[in-house]
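Q: For the sequence shown, the positions run 165 to 887 when our numbering is used. Sending over a structure as structure tokens; questions will come in a sec.
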Amino acid sequence: MKVFARLRRPKKARGNILFRYGWKITLLLLLAGAVFAVFLFYGTWAQTFDMKTVGEMPERSTVYDVDGKIYSRLAGANRLKVSLSEVSPQFIAAVLAREDTRFYDHKGIDWRGVLRALSRDIVSMSAKEGASSLTMQLARNSLPLGGRTFSRKLLEAMVALRIEREFTKQQILELYVNRIYFGTGCYGVETASQAYFGKDASKLNLSEAALLAGLIRSPNRFSPLKNPEGAAIQRDAVLDRMVELKKITSAQAEQAKKMKVVTHPKRMPQIQENYAMDAVQRGLSLILTQDQMDDGGLSIYTTLDPSVQDAAQEALETQLSKIERQSNFRHPNKAEYKPPESGEGDAAMPYLEGAVVVIDNASGGIRALVGGRDYAQSKFNRALAPANRQVGSAFKPFVYAIAFSHGLLPGAAISDGPIQPGEIDGAGNWSPANSDGTYGGTMPCSYGLVHSRNTMSVRVGQFAGLDAVQKVANDLGIAQNIPHGPASYIGSFESNLKDLTSAYTVFPNDGVRRQAYIIERIDDQQHKPIYLAAHITSQAIDPGAAWMTSEVMENVLTKGTAASARSLGFRLPAAGKTGTTNDYKDAWFVGYTSTLTCGVWVGFDQPTTIVARGYGAALALPMWTQVMNKASRHYPAEPLQPKMPTQRATVCSISNQLATTGCTAAGSAYDIDLPVDKIPTVACQVHGGAQWPFAQQAPNGPQKALTFPGRMFKSFRRFFGGR
165 MKVFARLRRP
175 KKARGNILFR
185 YGWKITLLLL
195 LAGAVFAVFL
205 FYGTWAQTFD
215 MKTVGEMPER
225 STVYDVDGKI
235 YSRLAGANRL
245 KVSLSEVSPQ
255 FIAAVLARED
265 TRFYDHKGID
275 WRGVLRALSR
285 DIVSMSAKEG
295 ASSLTMQLAR
305 NSLPLGGRTF
315 SRKLLEAMVA
325 LRIEREFTKQ
335 QILELYVNRI
345 YFGTGCYGVE
355 TASQAYFGKD
365 ASKLNLSEAA
375 LLAGLIRSPN
385 RFSPLKNPEG
395 AAIQRDAVLD
405 RMVELKKITS
415 AQAEQAKKMK
425 VVTHPKRMPQ
435 IQENYAMDAV
445 QRGLSLILTQ
455 DQMDDGGLSI
465 YTTLDPSVQD
475 AAQEALETQL
485 SKIERQSNFR
495 HPNKAEYKPP
505 ESGEGDAAMP
515 YLEGAVVVID
525 NASGGIRALV
535 GGRDYAQSKF
545 NRALAPANRQ
555 VGSAFKPFVY
565 AIAFSHGLLP
575 GAAISDGPIQ
585 PGEIDGAGNW
595 SPANSDGTYG
605 GTMPCSYGLV
615 HSRNTMSVRV
625 GQFAGLDAVQ
635 KVANDLGIAQ
645 NIPHGPASYI
655 GSFESNLKDL
665 TSAYTVFPND
675 GVRRQAYIIE
685 RIDDQQHKPI
695 YLAAHITSQA
705 IDPGAAWMTS
715 EVMENVLTKG
725 TAASARSLGF
735 RLPAAGKTGT
745 TNDYKDAWFV
755 GYTSTLTCGV
765 WVGFDQPTTI
775 VARGYGAALA
785 LPMWTQVMNK
795 ASRHYPAEPL
805 QPKMPTQRAT
815 VCSISNQLAT
825 TGCTAAGSAY
835 DIDLPVDKIP
845 TVACQVHGGA
855 QWPFAQQAPN
865 GPQKALTFPG
875 RMFKSFRRFF
885 GGR
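Structure representation (structure tokens):
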């Protein structure tokens, strides 16, 4: 029995061993199976990503002109790609010390770092610990892997393994330094180096290299432009790590730490830099999010016409150079100007400047926009806000249009004599003189606009009413809240060329305002529209009044302040208005044909007299005629015709009512073509007498029961000194 018992003991021992270790083996097998399943799942998921995407940086956005041809390109992401050989070795060393010290030793996953991060995340029940290898960071920044979760880290790891198989270490490092974000809209080390230090990435010193490497984990928080102290702390941490890894000596680190964080921001170059593209960029910033602009790959269709743009730029330089050669020009000229070696080039220029804007009447699309003579020397866009200047007489047409909408007629008798104290509401003793220093007698209202008479225009403004003038200036986008005083009637407030030119398009458009715009459509990377221009329109001025004003302004170009247009070779049917401000500091001309409206401004960035007697007709008009003559080759100018029914009537210049035999005897009767709804409906009650047969030609329908408005008589009594 003892022998038998001894023979059975080994079997029991073996059973105990299996019982003792079997569950552990099973657990290990299950754990291994789970790990295998996880790797299989995430490895399979990782296979769904296209590795070509890793090597592709955001595409440049393409800008098209009005004919759908490529006009320029924009970088979707603010990135300048460089090869690894074009990057400072000190930056490479700093990045590896900061982000991945074992980069050349692992195959995409730094297992020690991952295990350390996972253990800390498990303890904290969060995903705060980073420890991603440089390759994993590249995966995260190149592909849509999701948010900061355990699942994302596992997927990152699997994708990183794929990246390591597809690319060499040097390729991975090059992709990384070009793709990573450095804050302030800068992608890639070259862009960051230019943006922060104004130098190539190859020229970064140790302090700068360490600072940029320190930005990667929190680029916006530690931007040297916004937080130089925080940036310095991160830089010093990178330097200490480099010393620890024996990449630099302690002495080198201390010397680098002593350097102050001094930035020299540099405006990043665009493929085509000019004032029109500046306007496009401004428009994009209002339409797109920063992410959309950064991602790029967009197709941006603009309203720009390169032929008109080139004509405007050429005319601007030709005319301003001609002014600089005048014997009475007493300022520095552009040819003598030497730009500073450093700087952003947007300071005020000491030489004569100008701007041109051309707008399509039918759509409001900007065909050309030139905001200065040399974009490389000055980025300040003088065609757009905030480049506001006093508009002067260029505002007068709107005052006349309002008065016409209130019942005043172009032939109404207006005094050109000095403004008398108390004559104009709110004027006090203010009495503006005419630009030539002379005064006349009683003239037709239209004469005041054709010859830009200040005294007549103020009286017309008094009839129009200051509140109405302010409203129209606001409705047309000329200016918000212009001064509530009679000086506004003659343009003693500021606007910019684009807004003023846009406002003028109401005249060839029967009083309809079509807001100016420069971006027609934007398509995404899949060529699907993400933006379409709204084409905002509104009836800003009475249609009949707009046409009446336009007809008067045609005479500006034939026998008024811009009559010299004919001697400059301009023969097209057109209308417009000159503008000159006090002391000849600003010269304007804004005019239009049936298809285009063009505005021109000439002046100095720091307002000063351009030349003695530097009127808009002498300084701005020649530029306008040159632009419009060339533009007419693609935009034919037809006669300016009213789009509403008109009818000839005989009217009294004193009462603005239908003339009678008494008006004829008094010499106040005149014939005029008027929109039907602007023809007076009652006979003159000032001169009396029988109505002429033409009075019966007034439009059918109810006649006004009231006599001519009392305020009309009151206004005219003031015009004539109280008669």
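Idealized CB from N, CA, C, for every residue including glycine.
#1: Could you check what DSSP says for GLN456 in three-state terms: helix, strand or coil?
#2: Output the boundary residues of the beta strand (DSSP E) element that contains TYR228.
#3: On the criterion of 16 or more Cβ atoms from any shown chain inside 10 Å, does GLN541 qualify as buried, or is it exposed?
#4: Return the first residue and the last residue of the alpha helix (DSSP H) that ALA651 is part of.
#5: Would ILE683 and LEU389 be called neighbours here (beta carbons separated by less than 8 Å)?
#6: Looking only at its chain, what residues have a beta carbon closer than 6 Å to the beta carbon of SER366, apart from the 5 residues adjacent to it on each side?
#7: Please list, in chain order, all residues of the same chain as THR757 whose beta carbon is under 6 Å from its beta carbon, the five residues on each side excluded.
#8: Run the CB neighbour count on PRO433, radius 10 Å, all protein chains shown included, and call it buried at 16 or more, exposed below.
#9: Using alpha carbons as the reference points, say which of TYR340, LYS216, ARG316 and ARG304 lies closest to ARG243.
#10: Considering only residues of the same chain and omitting the five flanking positions on each side of TYR360, which have a CB-CB separation below 6 Å?
#11: Counting along the chain, where does the beta strand (DSSP E) carrying ALA813 start and finish?
#12: Which residues mark the beginning and the end of the beta strand (DSSP E) in which ASN703 is found?
#13: Below 8 Å on the Cβ atoms is my contact criterion, and I expect ILE464 with VAL227 to pass it. Report the Cβ-Cβ distance as a whole number of Å.
#14: Is it right to say MET441 is buried, meaning 16 or more other beta carbons lie within 10 angstroms of its own, or is it exposed?
#15: To the nearest angstrom, report how far apart LEU484 and VAL636 are at their CA atoms.
#16: Could you have a look at GLN790 and say whether DSSP puts it in helix, strand or coil?
#17: Rounded to whole angstroms, how far is the Cβ of ILE646 from the Cβ of ALA667, which I believe are closer than 8 Å?
#18: Alpha carbons only, please: which of GLU517, TYR611, GLY394 and ARG617 is nearest the one belonging to THR602?
#19: In whole angstroms, what is the alpha-carbon distance linking ARG237 and ASN660?
#20: Check the DSSP bridge columns for VAL676 and list the partner residues they point to.
#21: Buried or exposed, going by whether 16 or more other CB atoms sit within 10 Å of the CB of GLY612?
#22: Expressed to the nearest angstrom, what Euclidean distance is found between the alpha-carbon atoms of GLN770 and GLY362?
#23: Tell me whether the region 672 to 689 and the region 704 to 714 touch, counting them as touching only if at least three CB pairs, one residue from each stretch, are closer than 8 Å.
#24: Taking the C-alpha atoms as reference points, what is the distance between VAL791 and PHE559?
#25: For THR742, does the three-state DSSP call read helix, strand or coil?
#26: Would you grab the beta carbon distance between ARG546 and THR467 for me? Rounded to a whole angstrom, and I think it's under 8 Å.
#27: What separation, rounded to the nearest whole angstrom, lies between the Cα atoms of THR619 and PHE627?
#28: Beta strand (DSSP E) containing VAL521: first to last residue?
#29: Measuring alpha carbon to alpha carbon, tell me which of ARG276, PRO514, ASN492 and GLN490 ends up nearest GLU888.
#30: Report yes if the C-beta distance between TRP765 and ASP750 is below 8 Å; otherwise report no.
#31: Assuming MET712 and PRO574 are in contact, meaning their beta carbons sit under 8 Å apart, how far apart are those beta carbons, in whole angstroms?
#32: For the alpha helix (DSSP H) containing ARG343, name the first residue and the last one.
#33: Given this structure, state the Cα-to-Cα distance separating ASP455 from GLY349, to the nearest angstrom.
#34: Determine the direct distance from the alpha carbon of VAL246 to that of GLU393, and round the result to whole angstroms.
#35: Start and end of the beta strand (DSSP E) containing CYS609?
#36: CB-CB under 7 Å to ALA257, same chain, minus the five flanking residues each way: which ones, in chain order?
A: Quick look at the numbers:
#1: helix
#2: 224 to 228
#3: buried
#4: Taken as a continuous stretch (DSSP letters only), ALA651 belongs to no alpha helix (DSSP H), as it is neither H nor E.
#5: no
#6: When the five nearest sequence neighbours on each side are left out, the beta carbons in the same chain lying within less than 6 Å of the beta carbon of SER366 are those of GLU250 and SER252, in order along the chain.
#7: LEU736, ALA738 and ALA801
#8: Annotation note: pLDDT 45 at PRO433 (below 50); position unreliable, no value reported.
#9: TYR340
#10: PRO388 and THR427
#11: Secondary structure note for ALA813: its beta strand (DSSP E) is the uninterrupted segment 810 to 816.
#12: The identity of residue 703 in the sequence shown is Gln, whereas the question assumes Asn. Where GLN703 is concerned, the enclosing beta strand (DSSP E) stretches over 701 to 703.
#13: 5 Å
#14: Burial is judged here by how many other beta carbons sit within 10 angstroms of a residue's own beta carbon; MET441 has at least 16 and is buried.
#15: Whole-angstrom Cα-Cα distance: 33 Å.
#16: Three-state result, GLN790: helix.
#17: 13 Å between Cβ atoms; not a contact.
#18: Considering only GLU517, TYR611, GLY394 and ARG617, the residue with the shortest C-alpha distance to THR602 is ARG617.
#19: 27 Å
#20: GLN703
#21: Looking at its Cβ environment, which holds 16 or more other Cβ atoms inside 10 Å, GLY612 is buried.
#22: 29 Å
#23: yes
#24: 22 Å
#25: Correct three-state label for THR742: strand.
#26: ARG546 to THR467, Cβ: 20 Å. No contact.
#27: 13 Å
#28: 517 to 524
#29: Nothing can be reported for residue 888, as the shown portion of the chain is limited to 165 through 887.
#30: yes
#31: 6 Å
#32: 333 to 343
#33: 10 Å
#34: 29 Å
#35: Per DSSP, CYS609 belongs to no beta strand (DSSP E); it is in the alpha helix (DSSP H), 609 to 614.
#36: MET406 and LYS411
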